[in-house]
Amino acid sequence: MQDKTRLDILSSEVSGLWSTYMYDSLAICVLEHFIKTLNDAEIRPILKYAEDMSREHTKLISNIFEKDGLTVPKGFTREDVDLDAPKLFTDPFYLFYLLNMGMIGMNNYTLILNHSSRIDIRNFFSSCIRESIDLYNMTVDTLQKQGLFINSPRIEFTKNIDFIDTQDFFAGGWFAQKRNLLAQEITTIFANLRFNKVGGDLIAAFGQVAGSAKLKDYFFKGRELATKKTKKLVEFFTDENIPVPSTFDSFITDSTISPFSDKLMLFHIVTLIVSSIIQDGTGLATAMRHDLQLQFSASAMDSAKYSEDGLDILIENRWLEQPPQHINHKRLT
231 MQDKTRLDIL
241 SSEVSGLWST
251 YMYDSLAICV
261 LEHFIKTLND
271 AEIRPILKYA
281 EDMSREHTKL
291 ISNIFEKDGL
301 TVPKGFTRED
311 VDLDAPKLFT
321 DPFYLFYLLN
331 MGMIGMNNYT
341 LILNHSSRID
351 IRNFFSSCIR
361 ESIDLYNMTV
371 DTLQKQGLFI
381 NSPRIEFTKN
391 IDFIDTQDFF
401 AGGWFAQKRN
411 LLAQEITTIF
421 ANLRFNKVGG
431 DLIAAFGQVA
441 GSAKLKDYFF
451 KGRELATKKT
461 KKLVEFFTDE
471 NIPVPSTFDS
481 FITDSTISPF
491 SDKLMLFHIV
501 TLIVSSIIQD
511 GTGLATAMRH
521 DLQLQFSASA
531 MDSAKYSEDG
541 LDILIENRWL
551 EQPPQHINHK
561 RLT
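Written out as structure tokens, the structure reads:
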């Protein structure tokens, strides 16, 4: 008997579930290789937690799609990972990768939950948010324990209450003297620097092992964009004698054998660039100085163009799985 209390699935819910399935199927492949090549036993439980979480997500989403008569995505499979390939990243990179997973998950799942109606789907994404919080906290605890956590700059703040009384407050050095950075602007710059470090090394590593010359060129172009962005953001700190967050040497080994398919690596970078654009959008929305707004706007445009180039390569190779699409009823007649 049909359950008349069960609501039809919404387009926003289908979109969120589909995207989650694609990324989690990718994460399973990546995390499997990380676990296989890991040396530090202290990191293993966190990697395993993230892998189990992604496996459970794909299982639950498959069940929802099947019950609602929707096609389960192919996503990424064992064909996209070579578990016998040598270690491509150092152990500390695994922690910073997990840190980004937790942050991206908290943001993405919250956005999807905001557009979900059905109770089972709301429960699913609410659980995803809690898991992402747990993953983030476990990773931060371990990074701090190992002395690897990159802290936001500590600065001295003004002690008096004041009010903005001139438009010069928003000036970025064009027609007026630049004011000091606000705490929220420092936080946004720091967040972009930390995210950019992990993303830049991921792209460089993929360029090192990519199978085709075209992909190598594409990945190393991304590395150049990441370096350019880092240099620009660091200047905002050095101009005001704000401590630049400490970073590590390259997280990449000297292996030239790819653990992952070209399809997986390219899709991974394209989706990562989307998160980078969101970071720039947050910076643009919270910055109150014109030069910062210009930087985040220009960075987002550069990233959007780079992402588009990646999508072209995915389409050219028939690697881009089509998301669920509305039926064109006219074409059915």
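Those letters in the sequence shown? Residues 231 to 563, by the working numbering.
We treat Cβ as the ideally placed atom computed from N, Cα and C, and that holds for glycine.
A quick note: this is a predicted structure, and the numbers were derived from the prediction, not measured.
- Contact between the region 249-264 and the region 272-290 is present, with at least three C-beta pairs closer than 8 Å.
- If you draw a straight line from the Cα of L325 to the Cα of T369, it comes to about 6 Å.
- In the three-state reduction of the DSSP assignment, F481 falls in the coil class, being assigned neither a helical nor a strand state.
- Between the alpha carbons of P303 and K297 lies a gap of roughly 14 Å.
- DSSP places P322 inside the alpha helix (DSSP H), whose first and last residues are D321 to L343.
- The DSSP-derived three-state label of V302 is coil.
- In the three-state reduction of the DSSP assignment, F295 falls in the helix class.
- Distance from the CA of L373 to the CA of S485, rounded to the nearest whole angstrom, comes to 25 Å.
- Counting other Cβ atoms within 10 Å of its Cβ, R360 stays below 16 and is therefore classed as exposed.
- In the assembly as shown, S362 is a buried residue. Its beta-carbon has 16 or more other beta-carbons within 10 Å.
- Within its own chain, the residues whose Cβ lies closer than 7 Å to the Cβ of Q509, once the five positions on either side in sequence are excluded, are A421, N422 and F425, listed in chain order.
- V311 is a Cβ neighbour of F490, given a cutoff of 9 Å.
- Sorting D521, D492 and I433 by C-alpha distance to the C-alpha of E465 places D521 at the top.
- For the pair A440 and R453, the CB atoms are not nearer than the 9 Å cut-off.
- Here F490 carries a strand assignment [DSSP, helix/strand/coil].
- Beta-bridge annotation (DSSP): V311 is paired with F490.
- Cβ contact annotation for T267 (same chain, cutoff 6 Å, sequence separation greater than five): K317, in chain order.
- Of the residues assessed, A443 falls on the exposed side of the cut-off, its CB having fewer than 16 other CB atoms within 10 angstroms.
- Under the three-state reduction of DSSP, L524 is assigned to helix.
- The C-alpha of V504 lies about 19 Å from the C-alpha of F306.
- The shortest C-alpha to C-alpha distance from I334 to any of C358, I351, D321 and L313 is the one to C358.
- Within the same chain, no residue comes within 7 Å of N338 by CB-CB distance, once the 5 residues on both sides are set aside.
- Counting along the chain, the unbroken alpha helix (DSSP H) around I258 starts and ends at S241 to T267.
- Distances from the CA of I472 to each of R274, N410 and D431 were compared; the closest alpha carbon is that of N410.
- When rounded, the separation of the alpha-carbon atoms in K459 and V428 is 13 Å.
- When the Cα atoms are used, T320 and I239 turn out to be separated by approximately 42 Å.
- Cβ-Cβ distances below 8 Å link H345 to L240, S242, E243 and G246 in the same chain, with the five nearest sequence neighbours on each side left out; the list follows chain order.
- Distances from the alpha-carbon of K493 to those of M336, I543 and L341 put I543 closest.
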